[in-house]
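The opening residue of the sequence shown carries number 1 in the UniProt record's numbering; numbering runs sequentially from there.
So the structure is just underneath, and the comments pick up after that.
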Amino acid sequence: MNGWIVYTREESVRNELFINRFLENAPSFGIELRLVLVEDLTIGIERHNPILKYNGVMCDSPDFVIMRTIHPVLSIHFEEMGSRVFNSASSSLLFNHKFKTHHQLTKLKIPMMDTYYSKKHSLLDSKLPLDFPFVLKACHGRGGNQVFKVSNQKELQLGLENIDEEEIILQKICPNPGKDLRVFVVGNEVIGAVLRESNSDFRANYSLGGNARFYELNESEKRIIQKVTGNFTFDFVGIDFIFDENNSLIFNEIEDVVGSRTLSATSEVDCVSIYLHYIKNTLKK
């Protein structure tokens, strides 16, 4: 079976070690894997059929694609051409939009912060749905970027100016800021969890200077996580939780193109081999 692992050029430089682990381990699973950059691809429709070009040359779509960049249109195109995409296009469309994700999880009745949707251009002209302070987020933001704690109108204005998209959400501030839990899931099975904490920021992201340690889930936490995994088809994602005043989990978001630096740094979990094994078994079905 042949597959592509797809990155943008910029992201491929930052993730070179992770990519090399995939390329080095793939042959032991009977997988022929190559790195392909988004910038080298052309997609389109000719004579009513989807087409794909690599470096300007027409080519077939691979058996599968490990999509390591957020590009739902490209994911849809690969699927239309017969490739199995990990994570799927439908997952990319849902989990990379914070409000859609919260909307989908409301039926599970798991704890989450009150969340309000708005368009950036209309927010300042309308009555705010909650009182200051609150958290302002871009709907498509990731990695803790475009997330702001706002305590007054001036901070709200500044936050909006620093968000580069129109869709936003507003959320109540959790009772236990600067602390969150990322649960890593492959094929709906939990492979590890990492607690991230920051003493200087209400965001606990490792990439923003937070600390991380491997975390053993208790039974109550496992039940909440199983509610989420039991209602979706996950390939490889991170489910993020924050904490209430009693250190109980509150759902925060699902990371589609999840990074695994914290898991590798705090444990012996080999997420690359686990993921390749899952991909091989999935394609055999």
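C-beta atoms are modelled at their ideal positions from N, C-alpha and C, and glycine is treated no differently.
If you're wondering where the values come from, they're calculated on a predicted model, not measured in any experiment.
- Counting only runs that start and end inside the stretch 70–94, the beta strand (DSSP E) elements of at least 3 residues fall at 84–86.
- Val272 is positioned such that its CB atom lies closer than 8 Å to that of Arg21.
- Given a length threshold of 3 residues, each whole run of the beta strand (DSSP E) inside the stretch 140–205 is given here in chain order: 147–150, 167–172, 179–186, 189–197.
- Here the stretch 266–280 makes no contact with the stretch 97–113; the two share fewer than three CB pairs at distances below 8 Å.
- If you check the CB distance, Phe236 and Asn15 do not come in under 8 Å.
- Classified as buried, Lys137 has 16 or more neighbouring CB atoms from the shown chains inside 10 Å of its CB.
- As the crow flies, the alpha-carbon of Thr262 is around 6 Å from that of Ala212.
- Each residue's CA atom was taken as its position, placing Arg182 and Arg47 some 45 Å apart.
- Assigned with DSSP and collapsed to three states, Pro27 falls in helix.
- Beta-bridge annotation (DSSP): Val228 is not paired with any residue.
- Spatial neighbours of Ala89 in its own chain (CB-CB distance under 7 Å, excluding positions within 5 residues in sequence) are listed in chain order as Pro72, Ser75, Ile76, Glu79.
- Using a 10 angstroms sphere on the CB of Asn252, the tally of other CB atoms reaches 16 or more, which defines it as buried.
- Distances from the alpha-carbon of Val150 to those of Ile173, Lys53, Glu167, Glu189 put Ile173 closest.
- For Val272, there is no enclosing beta strand (DSSP E); the enclosing alpha helix (DSSP H) has its first and last residue at 271–284.
- The three-state secondary structure of Phe241, taken from DSSP, is strand.
- In this structure, Phe243 and Ile250 form a Cβ contact; the two beta carbons are roughly 7 Å apart against a cut-off of 8 Å.
- DSSP lists Ile51 as the beta-bridge partner residues of Gly44.
- Residue environment: Lys98 is assigned as buried (16 or more neighbouring CB atoms within 10 Å of its CB, all protein chains considered).
- The beta-bridge partner set that DSSP reports for Ala138 consists of Ile168.
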